[in-house]
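**Q** Sending over a structure as structure tokens; questions will come in a sec.
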Amino acid sequence: MAQYQAVLQDEAATLALATRIAGLLSGGQTLFLHGDLGAGKTTFSRGVITALGHGGTVKSPTYTLVEPYQLKPFTVFHFDLYRLRDAEELEFMGIRDYFRADTLCLIEWPEQGSGYLPVPDLDIHLTFVDGHRRVLLQSQTPAGAALIKALTDDEQ
Numbered sequence: 007m008a009q010y011q012a013v014l015q016d017e018a019a020t021l022a023l024a025t026r027i028a029g030l031l032s033g034g035q036t037l038f039l040h041g042d043l044g045a046g047k048t049t050f051s052r053g054v055i056t057a058l059g060h061g062g063t064v065k066s067p068t069y070t071l072v073e074p075y076q077l078k079p080f081t082v083f084h085f086d087l088y089r090l091r092d093a094e095e096l097e098f099m100g101i102r103d104y105f106r107a108d109t110l111c112l113i114e115w116p117e118q119g120s121g122y123l124p125v126p127d128l129d130i131h132l133t134f135v136d137g138h139r140r141v142l143l144q145s146q147t148p149a150g151a152a153l154i155k156a157l158t159d160d161e162q
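Here is the structure:
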């Protein structure tokens with residue numbers, strides 16, 4: 007399992023990292039975003055979606071559960087499972103249909119969907135430490151490891 011860690015000084019740094027990662031995505035990937043309320047999960051998602059070409063507002067899908075974005079490279083599905091009452095609801099909404107080679111799935115609060123979600127390519131953990139955000143990326147698949155390798159190679 008490959009890892010990448012960084013300190014994100016502010017929202018701009020979070021968006022910059024999201025933009026860098028967006029440039030490495032090719033579709034078919036699933037990213038889980040972990041962190042407390044206000045840790046930057048939606049900010050990170052907004053950075054990825056905007057970098058992939060969405061020109062409008064990126065809103066948190068807290069009440070809709072999922073927001074689709076039809077973008078030129080691929081379709082992005084932005085999930086927020088915070089308010090999910092029962093993970094089995096994902097089965098009823100056809101969750102498996104979202105995970106395809108021509109999509110990117112960004113999932114906030116993935117632990118709420120435990121047992122109904124695939125293994126993510128990347129687990130992205132956002133935390134507050136000493137007044138700054140810290141990010142820890144952990145690969146869970148070879149595709150995730152390749153993303154982290156490309157990200158670290160880009161820094162050198």
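Okay, so the sequence shown: first residue is 7 according to our numbering, each after it adds one.
Quick reminder that beta carbons are idealized off the backbone N, C-alpha and C, glycines included.
(1) Taking only the alpha-carbon atoms, compute the straight-line gap between I130 and T70 and give it to the nearest angstrom.
(2) Whole angstroms is fine: what's the gap from G150's alpha carbon to Q9's?
(3) Using DSSP's beta-bridge definition, name the partner residues of P116.
(4) Near D86, what residues of its chain come up, given a Cβ to Cβ distance below 6 Å and the 5 sequence neighbours on each side ignored?
(5) Grouping DSSP H, G and I as helix and E and B as strand, with all else coil, what is S66?
(6) How many Å lie between A18 and F105 at the Cα?
(7) Check whether the stretch 146–160 touches the stretch 72–83, counting contact only when three or more Cβ pairs, one atom from each stretch, lie closer than 8 Å.
**A** In short, the structure shows the following:
(1) Each residue's alpha carbon lies about 22 Å from the other.
(2) Distance between the alpha carbons of G150 and Q9 is about 10 Å.
(3) In the DSSP output, where bridge partners are listed per residue, P116 has none listed.
(4) S66, P67, T68, E114
(5) coil
(6) 29 Å
(7) no
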